[in-house]
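S.K.:
Residue numbers (the working numbering): 88 to 358.
1. Taking the straight line between their C-alpha atoms, what separation do you get for residue 346 and residue 338?
2. Can you list, in chain order, the residues of its chain with a C-beta nearer than 8 Å to that of residue 280? Leave out the 5 residues immediately preceding and following it.
3. Buried or exposed: residue 213, going by 16 or more other Cβ atoms within 10 Å of its Cβ?
4. When the distance is taken between beta carbons, is residue 308 closer than 9 Å to residue 272?
5. Just how far apart, CA to CA, sit residue 124 and residue 89?
6. For residue 262, list the residues DSSP reports as bridge partners.
7. With residue 229 as the anchor, note down where its beta strand (DSSP E) starts and where it stops.
8. For residue 118 and residue 108, which I take to be in contact (beta-carbon distance under 8 Å), what is that distance rounded to the nearest angstrom?
9. I'd like to check one pair, residue 251 with residue 264: are the Cβ atoms closer than 9 Å?
10. If we ignore side chains and look at the alpha-carbon of each, how far apart do residue 356 and residue 219 end up?
11. Assign residue 278 to one of two classes, buried (16 or more other C-beta atoms within 10 Å of its C-beta) or exposed (fewer than that).
12. List the residues that DSSP assigns as beta-bridge partners of residue 303.
13. Three-state secondary structure (DSSP) at residue 282?
14. For residue 312, which residues in the same chain have their Cβ closer than 6 Å to its Cβ, ignoring the five residues on either side in sequence?
15. Please report the distance separating the alpha-carbon of residue 153 from that of residue 120.
16. Could you please give me the residues that DSSP links to residue 119 through a beta bridge?
17. With residue 103 as the anchor, note down where its alpha helix (DSSP H) starts and where it stops.
18. Among residues of its own chain, excluding the 5 on either side of residue 194, which ones have a beta-carbon nearer than 6 Å to its beta-carbon?
19. Can you tell me which of 295, 288, 256 puts its alpha carbon nearest to the alpha carbon of residue 269?
20. Is it the case that the Cβ atoms of residue 230 and residue 300 are separated by a distance below 9 Å?
21. Could you give the distance in angstroms between the alpha-carbon of residue 211 and the alpha-carbon of residue 217?
22. What first and last residue would you give for the alpha helix (DSSP H) that runs through residue 288?
23. Please list, in chain order, all residues of the same chain as residue 224 whose beta carbon is under 8 Å from its beta carbon, the five residues on each side excluded.
24. Leaving out the 5 sequence neighbours to the left and right, which residues in its chain are closer than 6 Å to residue 352 when beta-carbon positions are compared?
25. Between 138, 276, 274, 331, which lies nearest to residue 105 when the distance is taken from Cα to Cα?
26. By the 10 Å Cβ neighbour count, where 16 or more other Cβ atoms means buried, how is residue 71 classified, buried or exposed?
27. Closer than 8 Å by C-beta to residue 127: which residues in its own chain qualify, once you throw out the five before and the five after it? Chain order, please.
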């Protein structure tokens, strides 16, 4: 400002910025512009001389030849891009057609009748073996159902003995209606869920009267069989189960390890 005897500091701002960005550092041997952007500045000092001589402050006031030259460069780049784009589009379409055609051929080869027939034979063989195994069981045969570990302890029985009271066949699949000594199970079971207990059927199960039994869920039946109780429910008391507020105490039965198992000091556990 002192050199040019001017009070408008913005008039000399662009040359100052250019000088700062293009002055090489003694330490890095490069300019700040190169450190920041990794390349040399694209502008030259002649451009800034023209800007200063014409008193241009705003970029919108740049000389017309400069603006026109930039527009020409942009137009030429767009024209080249259009030509390249058309060639690329044609090549991509051709390659896409070839890829689709080859993929269809590969798909038709991989999906052969042999693979389908092998899967069908396997399914038919499995279904035939299931039906053959199910036909080995008749009415009043003793079978066992697996008791889940949630409903028993490690020392309790693992199978719930049941009798086959009805044999159902639908859509080529055989299921069994079962009954235990505590009631008739509500849902039927397939051959995959039962275990043959013909040779070890309990005596109490052999003498039950099916018509006198009511419906019962599998979970309740498992609890009754495992604990030999008159109720299949458990308590969740916060205390020691010493009063009739405990559901087990109220029913006159002992609590089991499945009743509030994480709490100790239960007074209704028996001897």
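Think of the CB as a built atom: it goes at the ideal place given N, C-alpha and C, for glycine as much as any other residue.
M.R.: Reading from the atomic positions:
1. 14 Å
2. 232, 233
3. exposed
4. yes
5. 33 Å
6. 255, 277
7. 229-233
8. 6 Å
9. yes
10. 47 Å
11. buried
12. 272
13. strand
14. 247
15. Caution applies to residue 153, whose pLDDT of 48 falls short of 50 and renders its modelled position unreliable; the model cannot decide the point.
16. Residue 119 pairs with nothing; no bridge assigned.
17. 100-109
18. The pLDDT assigned to residue 194 is 48, lower than 50, so where the model puts this residue is not dependable; a value taken from the coordinates is nonetheless given after this. No residues qualify anywhere along the chain.
19. 295
20. no
21. 10 Å
22. Counting along the chain, residue 288 falls outside any alpha helix (DSSP H), and DSSP gives it neither H nor E.
23. 230, 251, 254, 263, 278, 281, 283
24. 327
25. 138
26. The requested residue 71 does not occur in the structure, where the chain is confined to residues 88 to 358.
27. 118, 120, 121
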